[in-house]
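Novice:
Next up, the structure:
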């Protein structure tokens, strides 16, 4: 498994952009609530740890993982957020339902990222067992919610920088992702 040798909660705070002015939406599935609450807790703690004010975090609950798509869409349309984190958990059962839900949610979140200008972070566990989900929602492998919050901060920053580069003439993105504005001679501006 991809998380066997990785702790999902570990990150270098010094490599993250300043997040104090960003607003985040979190849409949480009520299905497999023990797991999704652990994921949500990890996400909120990471956002707060990175200077996001509590009043800049909007949380909505939806009944299940499939409903994350609609909840995220409405969050994007109504809450003036810089990124949305969609949190869910689907555990393999004995029917094909698992496959249909996982595929539908994955494609739906992907579609929101293609169709809108605000990033939606996929934080949906699709595990074979409850123990695997426990291990990834604050257990031995850390917390996927933490990882999703860090991804949300990075994507909100990318969105901000991309928007800024369209508004400013004569700029260059450094390899670090920071924006450098230069005053070029008039003959070089075009």
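In UniProt numbering, the protein residues as written are 1 to 190. Beta carbons are placed, not taken as given, at the ideal position from N, Cα and C, and that holds for glycine. In this text, all values refer to a predicted model and were calculated from it rather than measured experimentally.
#1: Are there 16 or more other CB atoms within 10 angstroms of the CB of residue 100, so buried, or fewer, so exposed?
#2: In or out: residue 147 buried (at least 16 other Cβ within 10 Å) or exposed?
#3: Secondary structure at residue 8, three-state DSSP: helix, strand or coil?
#4: In whole angstroms, what separates the C-alpha of residue 95 from that of residue 131?
#5: Can the beta-carbon of residue 118 be found less than 8 Å from the beta-carbon of residue 86?
#6: Which of the three DSSP states is assigned to residue 19 in this structure?
#7: Can you grab the Cα-Cα spacing for the pair residue 59 / residue 84, in whole Å?
#8: Excluding the 5 residues preceding and the 5 following residue 10 in the sequence, name in chain order all residues of the same chain whose CB lies nearer than 8 Å to its CB.
#9: If you drop the 5 nearest sequence neighbours on each side, which residues of the same chain put their C-beta closer than 8 Å to that of residue 128?
#10: Report yes if the CB atom of residue 35 is closer than 8 Å to the CB atom of residue 125, and no otherwise.
#11: Is residue 35 helix, strand or coil when you go by DSSP?
#12: Compare the C-alpha of residue 22 against each of 67, 7, 33, 55 and name the closest.
#13: Run the CB neighbour count on residue 57, radius 10 Å, all protein chains shown included, and call it buried at 16 or more, exposed below.
#14: On a CA-only basis, which of 139, 123, 134, 162 is nearest residue 151? Give me that one, please.
#15: From the DSSP output, read off the bridge partner residues of residue 29.
Specialist: Once the coordinates are examined:
#1: Your numbering for residue 100 matches position 100 in the chain shown. Exposed.
#2: By 1-based counting over the chain shown, the position of residue 147 is 147. It counts as buried.
#3: Taking the first residue of the chain shown as position 1, residue 8 is located at position 8. Three-state DSSP puts residue 8 in coil, outside helix and strand.
#4: As a working mapping, residue 95 is identified with position 95 in the chain shown. As a working mapping, residue 131 is identified with position 131 in the chain shown. The straight-line gap from Cα to Cα measures roughly 19 Å.
#5: Here residue 118 refers to the residue found at position 118 of the chain shown. Here residue 86 refers to the residue found at position 86 of the chain shown. The answer is no: Cβ separation not under 8 Å.
#6: For the purposes of this step, residue 19 is taken as the residue at position 19 of the chain shown. For residue 19, the secondary structure class from DSSP, reduced to helix, strand or coil, is coil.
#7: What you label residue 59 is simply residue 59 of the chain shown in a count that begins at 1. What you label residue 84 is simply residue 84 of the chain shown in a count that begins at 1. Rounded to whole angstroms, residue 59 to residue 84 spans 10 Å at the Cα level.
#8: For this step, residue 10 is matched to residue 10 along the chain shown. Same-chain partners within the cutoff: 142.
#9: Translated into the one-based positions of the chain shown, residue 128 becomes position 128. Answer for residue 128: 91, 92, listed in chain order.
#10: Looking up residue 35 in the chain shown gives position 35. Looking up residue 125 in the chain shown gives position 125. Yes.
#11: Taking the chain shown and counting its residues from 1, one reaches residue 35 at position 35. Helix, per DSSP.
#12: Counted from its first residue, the chain shown places residue 22 at position 22. Checked all of 67, 7, 33, 55; the closest Cα to residue 22 is 55.
#13: Position 57 of the chain shown, counted from the first residue, corresponds to residue 57. Buried is the call here.
#14: Indexing the chain shown from 1 puts residue 151 at position 151. If you compare the alpha carbons of 139, 123, 134, 162 with that of residue 151, the shortest gap goes to 123.
#15: Start at 1 with the first residue of the chain shown, and residue 29 comes out as number 29. Answer by DSSP bridge pairing, in chain order: 62.
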